[in-house]
Structures are given as structure tokens and as C-alpha cells.
Amino acid sequence: MSGGGLLVAGTTSDAGKSVVTAGICRWLVRRGVKVAPFKGQNMSLNSFVTREGAEIGRAQAMQAQAARVEPTALMNPVLLKPGSDRSSQVVLMGRPVGELSARGYHGGRQRTLFEPVLACLEELRGSYDAVICEGAGSPAEINLRRTDIVNMGIARAARLPVLVVGDIDRGGVFAQFFGTTALLAPEDQELIAGYLVNKFRGDVSLLEPGLEMLHGLTGRRTFGVLPYAHGLGIDEEDGLRVSLRGTVRESVVAPPVGEDVLRVAVCAVPLMSNFTDVDALAAEPGVIVRFVDRPEELADADLVIVPGTRGTVRALEWLRERGLADALARRAAEGRPVLGICGGFQVLGEHIDDEVESRAGAVPGLGLLPVRVRFAAEKTLARPSGEALGRPVEGYEIHHGVAEVLGGEPFLDGCRVGEVWGTHWHGSLESDAFRRAFLRAVAAASGRRFVPAPDTSFADLREAQLDRLGDLIEEHADTDALLRLIEGGAPSGLPFIPPGAPDFPGAPAAGTPGAAQ
Numbered sequence: 116m117s118g119g120g121l122l123v124a125g126t127t128s129d130a131g132k133s134v135v136t137a138g139i140c141r142w143l144v145r146r147g148v149k150v151a152p153f154k155g156q157n158m159s160l161n162s163f164v165t166r167e168g169a170e171i172g173r174a175q176a177m178q179a180q181a182a183r184v185e186p187t188a189l190m191n192p193v194l195l196k197p198g199s200d201r202s203s204q205v206v207l208m209g210r211p212v213g214e215l216s217a218r219g220y221h222g223g224r225q226r227t228l229f230e231p232v233l234a235c236l237e238e239l240r241g242s243y244d245a246v247i248c249e250g251a252g253s254p255a256e257i258n259l260r261r262t263d264i265v266n267m268g269i270a271r272a273a274r275l276p277v278l279v280v281g282d283i284d285r286g287g288v289f290a291q292f293f294g295t296t297a298l299l300a301p302e303d304q305e306l307i308a309g310y311l312v313n314k315f316r317g318d319v320s321l322l323e324p325g326l327e328m329l330h331g332l333t334g335r336r337t338f339g340v341l342p343y344a345h346g347l348g349i350d351e352e353d354g355l356r357v358s359l360r361g362t363v364r365e366s367v368v369a370p371p372v373g374e375d376v377l378r379v380a381v382c383a384v385p386l387m388s389n390f391t392d393v394d395a396l397a398a399e400p401g402v403i404v405r406f407v408d409r410p411e412e413l414a415d416a417d418l419v420i421v422p423g424t425r426g427t428v429r430a431l432e433w434l435r436e437r438g439l440a441d442a443l444a445r446r447a448a449e450g451r452p453v454l455g456i457c458g459g460f461q462v463l464g465e466h467i468d469d470e471v472e473s474r475a476g477a478v479p480g481l482g483l484l485p486v487r488v489r490f491a492a493e494k495t496l497a498r499p500s501g502e503a504l505g506r507p508v509e510g511y512e513i514h515h516g517v518a519e520v521l522g523g524e525p526f527l528d529g530c531r532v533g534e535v536w537g538t539h540w541h542g543s544l545e546s547d548a549f550r551r552a553f554l555r556a557v558a559a560a561s562g563r564r565f566v567p568a569p570d571t572s573f574a575d576l577r578e579a580q581l582d583r584l585g586d587l588i589e590e591h592a593d594t595d596a597l598l599r600l601i602e603g604g605a606p607s608g609l610p611f612i613p614p615g616a617p618d619f620p621g622a623p624a625a626g627t628p629g630a631a632q
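Per the numbering used here, residue 116 is the first one in the sequence shown, and the count goes up by one each step.
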């Protein structure tokens, strides 16, 4: 017998599906429910390596933490990592299986992944009391419905009730709820159980007449109104849809312990991946993290980070075109701190030989570190641990580039020359003692009277953030009704909202047993 389940869909991308899914997981596990997250297909440049060496979306790893379970490849069987506007690397069950254009993927390959995705969901449902699934984009993308394996396709096959989340802060949420429902085929509409309003500011009583009208128009209730919550800092899906220049990472509101702050500038390179690496810095009192794309923005930075990227050679060209490469070289010559992580580490080296990612062949690097990089067909996926600056460190590796370190001082399997540091390790700054030691070194090199807080625990801060998400669900959603939905499925007799969309041959009806049974 399969466990209970729910699909959290959204009226748009960035409606809040990821955080709502995490919040529901945390609320359920606090009630004693054994729960797991699931996203059949995820498109993201922020990923994570599980303990068995599988690559999954970082949002699903965060949701697993919210559920207090170890993340596995079952929770995100298909991960798409964009390499351009038109193509992505396809990662299946944690391992890359090829590069496909959007047309090639949606034209046939996606549908072939439906059974493996469904099998992963059912394996989780057989092991947990409940599985909270996250959709992608909008379920009303009617041009993609035939090959859908993450929204209504999986909901119908697995008979999952669907909760639609809308971001009211952007405006138009009533039209979004109604339009999303009305654009679905009758068989899909049978599973749309209701709505959840996200990011509301103000007096909820002013919203209630609209919610009542929405119920009258659709026959579907609203399960809650979540207030706008500042400073959550939870892992994001990716940065492709957002211009990051000048964006300041949310951080704890606390003054610096010492007399000075530290300013960190992160180069917003194209196809930036795992920019969540800097969240642990942003969590430190007195550390200001911002994303930049102009050389003059490096002038007052105490530390410049060149982050990971899915396009190392493209990022290298971008740094040169923008004048940032010259600015980084000047910093290195002046003994001012620079940290390269993964792809950012690779561009700081002397030479790159890439016949895999960009197929550009031999390309000169920035020459700031004695490193030569050769791209291998097989991706390195690892969870290393070690020591640096006299402190224990853990991290994770996701890269095709193999680095040959020819000199310098060893640093996390990379190297350091002067105040230029480079490593393939993501997540190293989440190790508290190492982060503090690194910040002290940066402050000393920058001449800043900055003192790291002695008691900042990034893990504890993350747990507190996840508890806040659970609190949002517990305090502002009808949890009794949500629990009935998860355990019993969508209510019967939900009305059809015209015009609907035509169904397609071969799709399982919502009320019939399918492969998910």
C-alpha cells in the first residue's frame, strides 16, 4: 500500500513551491510523520552530492533536511543542468547521461523517463508515510502537457492531489489560480484540490472576500495564506531567471563583532552554479555579500569570489570581456584576497583543455594559480573531507575538469598562492571553524579589524530557517485539511472550469489505477 502524497504546483516559476514543500515536510516530521520530498524533474544549476555519490537538485537536498532524512537520488531522478539557452545536461538517477536540446528533450526523451520517475516516486511512497512532491514551472503549460513528467502527468499517474501555490506579492494571484485551473483538461482538473496564497502583506481579512469569490468560481478552497517572510535564505533553484548584479544575499541582522565589516564581491559569471556556497558567509555577522559584474565593483571588496559555473570557458571569456580578468590580476599582484570555487578555481589556472563542456580545446586561463585543467568525459561526484588552516572541513565536488596542481601551497585539493585561493570543493564554508579561520585570514590580508563571531553555527541557522518554514505552514495553513488531503487524496465531485484543454490519447484518467498502484 502506497503512502500518502501531495503535489505542490505553482502558478508560475518562483511562486514558492520549493519553500512550501520544505515547510510542509518540516511540519509533518514534527508531527511524527515519516515524510520524504520528491521532484521528478528539476532544472537547476544549484546541485548537491548525496552520500552515495549521486547529483540531485540542491532544493531537494534542503527539503530532505527539512524532512530530517538523508537525501537520495530517488528524490530527484531527473536533473537538467542548462549549458546554454537551448541545451542542458541530463542527469538521471544522479549520473549524467548526455546533453540534449530543449526540442530533443521535449520531443521524445522526456517521455521515455516517465516510467523511471514514477518508479522512484512509488519506491518512496512504499517507504514513507507521506511524500510531498514539488512541481516545476506551471502545470498549465499546455504546450508541454503531452510529455509532462513533473506536474499533472505524475499527479494523474500516481493519483496525487494538487495544491496550487501563487505569489500574491507579484499581483494577479486570483487570475493565476483561476486561469491555471481553467487551462487544464477535465481529468487533470479533478486533481486540483485547492490553492495556497504565498507572500501576503497586510490584513488577511481584506483578502477573504476574494478567496470566497474564488471558491464560488472554482469550487475549490484556499488552504492558507502565508505571510511574506524576510530573511529565510533557503537554497534557491537557480539564478537563470534573475539578474544577480548588485543583489545582496540575505543575512542575519547582527552587527559585526569587531570594529569593521568585511565586504565580499561575487562575480556573477554566466551559468553560475552553486552560488549557495556564499550563504554561509552571508550568515556571518558583519559580512556583506553582493553579486557584481563590473570591475569597479571590486575596488572596495575585501574578498572576491569567482564561483562555480556550468560554462568554464564561457565564464573566462566573460571575465575578460568585462574587464574583470584584469581587475582580478591586479588584486592578486596587490596581495588582496581572491577565492575560486570549482569552475572559478579552473579559470584562475594557467591552462584549460576542454573538449567536453565547451569543446573549445586549449584555452589560456588567467594564470593566477599554477594549475592546468583537462576536462574529462566522466563527471567527478564526491563528498570529500579534510583539513585546511588547521581546521576540519567537509565539502562536495561536482565537475568535469580535472586539475593538475603544479605548485603553490595545498588548499582543499587545490592550491593557494599568496592571497589567491582555489578549490573544487563546494560547501567548504559551511564548516564553521574553517570559515572563521578563513575570514580571519581575509581580514588580516585586507587590513580590516574584523572579528568572526565565535558562535555562529551555519547548521543551526539552517535548522532555524527550516523551522520557520514549518511554523509558516502550522500557523497560517489549515493543517487539518492539508493532512486529510495528503492521506485521502483530492475530494470527489470537484467542478470542471471551462474551457479546459483537450486531453491526449494514452493519458491515464485521474481515477483509474495506473503504474503507480
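The beta carbon of each residue, even a glycine, is placed where N, CA and C say it ideally should be.
For residue i, the first and last residue of its enclosing beta strand (DSSP E)
{"i": "L195", "result": "193-197"}
{"i": "E490", "result": "According to the sequence displayed, residue 490 carries Phe and not Glu. Note, F490: beta strand (DSSP E), 486-497."}
{"i": "A592", "result": "Segment: none, A592 is in no beta strand (DSSP E) and carries neither H nor E."}
{"i": "F338", "result": "336-342"}
{"i": "S500", "result": "500-503"}
{"i": "A568", "result": "Looking at the DSSP string, A568 is not in any beta strand (DSSP E), and its letter there is neither H nor E."}
Inter-residue spacing [alpha-carbon to alpha-carbon] between residue i and residue j
{"i": "G522", "j": "T227", "result": "47 Å"}
{"i": "V428", "j": "A596", "result": "51 Å"}
{"i": "Q175", "j": "R210", "result": "16 Å"}
{"i": "A255", "j": "V265", "result": "12 Å"}
{"i": "V134", "j": "A448", "result": "43 Å"}
{"i": "L194", "j": "A272", "result": "20 Å"}
{"i": "A560", "j": "S162", "result": "32 Å"}
{"i": "R563", "j": "A369", "result": "18 Å"}
{"i": "H333", "j": "F292", "result": "Reading off the sequence shown, one finds Thr at residue 333, where the question assumed His. Computed Cα separation, rounded: 9 Å."}
{"i": "L359", "j": "F549", "result": "For L359, the predicted structure reports a pLDDT of 45, less than 50, and the residue's modelled location is therefore unreliable. A value from the coordinates is still provided. Rounded to the nearest angstrom, the two C-alpha atoms are 27 Å apart."}
{"i": "E519", "j": "P479", "result": "15 Å"}
{"i": "P567", "j": "G119", "result": "45 Å"}
{"i": "P400", "j": "L306", "result": "46 Å"}
{"i": "D318", "j": "G608", "result": "32 Å"}
Sequence-distant residues of its chain with Cβ nearer than 6 Å to residue i (five each side left out)
{"i": "F611", "result": "P301, Q304"}
{"i": "A297", "result": "I612"}
{"i": "G426", "result": "P385, L386"}
{"i": "A181", "result": "A137, C140, R141, L581"}
{"i": "K154", "result": "Q175, N191, E249"}
{"i": "I269", "result": "G155"}
CB contact below 8 Å: residue i versus chain C
{"i": "R336", "result": "Annotation note: the requested chain C is absent from the structure, which comprises a single protein chain."}
Helix, strand or coil at residue i according to DSSP, with G and I counted as helix
{"i": "E399", "result": "coil"}
{"i": "R210", "result": "strand"}
{"i": "H539", "result": "coil"}
{"i": "L355", "result": "Unreliable placement is indicated for L355, whose pLDDT of 34 sits below 50; no coordinate value is reported for it."}
{"i": "D469", "result": "strand"}
{"i": "F460", "result": "helix"}
{"i": "N313", "result": "strand"}
{"i": "R360", "result": "Unreliable positioning characterises R360 in this predicted model, as indicated by a pLDDT of 48, which lies under 50. The coordinate reading is nonetheless provided below. Here R360 sits in coil by DSSP."}
{"i": "E167", "result": "coil"}
{"i": "T424", "result": "strand"}
{"i": "L122", "result": "strand"}
{"i": "I264", "result": "coil"}
{"i": "D129", "result": "coil"}
Any non-hydrogen atom of the ligand FAD closer than 7 Å to residue i Cβ
{"i": "V150", "result": "Summarising the ligand content, the structure contains no ligands, and the ligand FAD is consequently not present."}
Beta-carbon proximity list for residue i, same chain, < 8 Å, skipping 5 on both sides
{"i": "G438", "result": "R409, P410"}
Range of the contiguous alpha helix (DSSP H) that encloses residue i
{"i": "D303", "result": "301-304"}
{"i": "G139", "result": "Residue identity differs from the one stated: residue 139 is Ile in this sequence, not Gly. That run of the alpha helix (DSSP H) goes 132-145."}
{"i": "V428", "result": "427-437"}
{"i": "M328", "result": "323-333"}
{"i": "V557", "result": "547-561"}
{"i": "R531", "result": "Segment 529-532 is the beta strand (DSSP E) holding R531; no alpha helix (DSSP H) there."}
Residues near residue i by beta carbon distance below 7 Å, same chain, minus five either side
{"i": "D375", "result": "R563, R564, F565"}
### Query
Taking one C-beta from the stretch 482-495 and one from the stretch 504-515 each time, how about it: are there three or more such pairs within less than 8 Å?
yes
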